[in-house]
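Scroll down for the structure; my scribbles are underneath it.
Residue numbers (our numbering), protein chains in the order written: chain A, 1 to 418; chain B, 1001 to 1255.
Set out below in structure tokens:
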């Protein structure tokens, strides 16, 4: 009992040690200096309650776990439903349903809702691309945001210096990012697991620092602004068109409404996301897609069967990066501004969280996870200070309850002729 | 009889100060079954690793059809038709049995990116043929009903059979089996013996195997090579090996 009491006491103390600096103190700026204040009684009482609960939980650990064990062990979702939901065919229908919703969304949603949906679509694209590298090929890439940055800056620079339009730059940006993916692929071919993660992490940072310090070319920390938006077959969505261009509202004789621009951007994002979805979906069913998964499972067996691991790894890196490039150039067009600060490590972490949360390798999972990861912070703006705390909590809970991700996918069932 | 397909001479492999394999010579004729035996740690698997390109041998020559293959990468040697299994089964465990067989046919499939993207007739045909061939071998090793089961969930004996079937998908000329009977029960060992017989008779495959089950080795091998502590001890027909006093002393044991 005394041992229990001791560990319970320390657990409660730990709650204090963690929660008090985070929740119990407040920084405020007085003149030019920072001052630390204690929080109000509410925050303090929350911490007290939490620590008491933790104290009791640890003290009665045995009783608690006995109770949990005897309680009817109903899974969160019944195995039948879960089996149904993970069938490839069900997932295909859910995806089709989601696409239908996505198509009508801009015509019913508010401007803000469409804007958020556009952001979600960017992350869907990124998630699907990273899913190739991490989920399928099993190569832990922490620098994925680097390729996103390459795509964004490709469009920004080409339009800034050469005045090229979005639609011309889109494939170029994809190819640029793919080239960088290929180049990164070479040195990391021999690395695996943690070592690969560290090198890719470094690579992402190198790209960001390059963009930040090549002030003459990229504008340094200020980035590049006034990047033109995509046009609709040469029609601009601005109030007044640039020289030699016509505006959308003049051409169709409708009143200028700025929401048209938002909706158009959304539709472009949807088009790109659907393209990514289609291509990657096909890739999964092609020999190369199978080879990626085989490589994840056992590289030595792959070699023994005559598969060239070098080519398979490089193709995963290259194609994954290519989709990040597309997403990046769209991001640049939507923001109208790119700065190195948009491509920090936290972006990589969010994209990776989307892939892991979704269930590695599952496309529907990635889409749902992208919605959750982008929508939640938006819905909980009031708690924005605790965003990272919530991310952490979400991840821990996922690891406990659904370590395989939100919606993993079963292996496809292939019919044999009888 | 028939011509020589694999000729190994003076093969040696050095790990730092340790000479794991020293001067091993092998000569394998087409459609023969050749066994490599010896006590644990004798260097049998090291010889396999050298032959299949997983190690770069420190010395000696390996000729496949008279062409040197030593020093080539593992996948290049596999593409020349020398395919192996592993001592501990190395299947793609999270993938289905059928997918395991499809992956092994990678090189024989239409891997054109655009053909696959738009499902061209050529792509469909190539996928269809791969499925047919996979089914043929699933029937051969009696695993049709498990085609869509994850390979990792199969019983051990089934995994062993699937691994051999997966090797056959690559259309090998020489099949190298590393302890194929390890962990099998007597019935499964009998089946394995029959399977190796079929591989040789019907598919013209040359088999090189490492095995400790002397009953199996003596009954299916045309030729046996014994190595001990990395050096060749004896080679000959099963009868010669059985009667060789040195082999009995080092490995087989006195009766």
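By construction, the Cβ of each residue, glycine as well, lies at the ideal position given by its N, Cα and C atoms.
Task: Inter-residue CB distance, residue 1035 of chain B and residue 1224 of chain B (contact presumed, cutoff 8 Å) - done: 5 Å
Open item on the list: I'd like to know if the stretch 369-382 of chain A and the stretch 163-179 of chain A are in contact, where contact means that at least 3 CB-CB pairs between them fall below 8 Å.
Closed with: no
Task: Uninterrupted alpha helix (DSSP H) stretches inside the stretch 1099-1187 of chain B (no shorter than 4 residues) - done: 1113-1117, 1121-1140, 1156-1169
Task: Neighbour flag for residue 1190 of chain B against chain A, beta carbons, 7 Å - done: no
Task: Option in B/1113, B/1101, B/1186 with minimal Cα separation from residue 1148 of chain B - done: B/1101
TODO: Write down the C-beta distance between residue 121 of chain A and residue 269 of chain A rounded to the nearest angstrom, noting that I regard them as a contact closer than 8 Å.
DONE: 4 Å
TODO: State the DSSP-derived secondary structure class of residue 413 of chain A, mapped to helix, strand or coil.
DONE: coil
Open item on the list: Quick check: does the Cβ of residue 24 of chain A come within less than 6 Å of any heavy atom belonging to the ligand ADP?
Closed with: With respect to the ligand ADP, the structure shown offers nothing to examine, as it has no ligands at all.
Task: Sub-7 Å separation of residue 420 of chain A and residue 374 of chain A beta-carbons - done: Chain A is shown only over 1 to 418; residue 420 of chain A falls outside these bounds and no answer can be derived.
- [ ] Please classify residue 1206 of chain B: does DSSP put it in a helix, a strand, or coil?
- [x] strand
Open item on the list: Can you look up residue 1004 of chain B in the DSSP assignment and give me helix, strand or coil?
Closed with: strand
Open item on the list: Pairs of beta-carbons, one from the stretch 1085-1102 of chain B and one from the stretch 1166-1184 of chain B, closer than 8 Å: are there three or more?
Closed with: yes
- [ ] Return the Cβ separation of residue 1006 of chain B and residue 1091 of chain B in integer angstroms, given the expectation that the two are a contact with Cβ distance under 8 Å.
- [x] Contact flag wrong, Cβ pair sits at about 26 Å.
Open item on the list: So with CB distances below 7 Å, who are the chain B contacts of residue 308 of chain A?
Closed with: 1075
Open item on the list: On the criterion of 16 or more Cβ atoms from any shown chain inside 10 Å, does residue 296 of chain A qualify as buried, or is it exposed?
Closed with: buried
Open item on the list: Do residue 1172 of chain B and residue 1083 of chain B have their beta-carbon atoms positioned less than 7 Å apart in this structure?
Closed with: yes
Open item on the list: So residue 1039 of chain B and residue 1011 of chain B are supposed to be a Cβ contact under 8 Å. How far apart are they, rounded?
Closed with: With a Cβ gap of about 19 Å, residue 1039 of chain B and residue 1011 of chain B do not count as contacting.
Open item on the list: For the stretch 205-215 of chain A against the stretch 224-240 of chain A, do three or more pairs of beta-carbon atoms, one drawn from each stretch, fall closer than 8 Å, so that the two count as touching?
Closed with: no
Open item on the list: Is there a C-beta anywhere in chain A that falls below 7 Å from the one on residue 1148 of chain B?
Closed with: yes
- [ ] Pair every Cβ in the stretch 1183-1192 of chain B with every Cβ in the stretch 1007-1026 of chain B, then say whether three or more of these pairs are closer than 8 Å.
- [x] no
Open item on the list: On a Cα-Cα basis, can you pick out the residue from A/159, A/153, A/222, A/282 that is closest to residue 180 of chain A?
Closed with: A/153
- [ ] State yes or no: is the beta carbon of residue 414 of chain A nearer than 7 Å to at least one beta carbon in chain B?
- [x] yes
- [ ] Report the partner residues of residue 1029 of chain B according to the DSSP bridge assignment.
- [x] B/1004
Task: Distance between residue 1210 of chain B and residue 1218 of chain B (C-alpha atoms, nearest Å) - done: 12 Å
- [ ] Please report the residue range of the alpha helix (DSSP H) in which residue 312 of chain A lies.
- [x] 309-335
TODO: Below 9 Å between beta carbons is the criterion; list the residues of the stretch 1091-1106 of chain B that meet it against any residue of chain A, in chain order.
DONE: 1091, 1092, 1093, 1094, 1095, 1096, 1098, 1099, 1100, 1102, 1103, 1104, 1105, 1106
Task: Members of the stretch 1108-1121 of chain B near chain A, C-beta cut-off 7 Å - done: 1109, 1111, 1116, 1117
Task: Secondary structure, alpha helix (DSSP H): runs of 4+ residues fully inside the stretch 53-125 of chain A - done: 61-70, 79-86, 88-108
Open item on the list: If we define contact as Cβ-Cβ less than 7 Å, is residue 387 of chain A a contact residue for chain B?
Closed with: no
Open item on the list: Taking a contact to mean a Cβ-Cβ separation below 7 Å, would you say residue 12 of chain A touches residue 51 of chain A in this structure?
Closed with: yes
Open item on the list: If I follow the unbroken alpha helix (DSSP H) through residue 160 of chain A, where does it start and stop?
Closed with: 144-162
Open item on the list: So for residue 215 of chain A, helix, strand or coil by DSSP?
Closed with: helix
- [ ] Give the single residue among A/172, A/114, A/307 whose Cα lies nearest to the Cα of residue 1111 of chain B.
- [x] A/307
Open item on the list: Quick check on residue 1011 of chain B: does DSSP put it in helix, strand or coil?
Closed with: strand
Task: Contact set between residue 293 of chain A and chain B, taken where Cβ atoms lie within less than 9 Å - done: 1092, 1094, 1095, 1099, 1103
- [ ] Compare the C-beta of residue 297 of chain A with all C-beta atoms of chain B and state if any pair is closer than 7 Å.
- [x] yes
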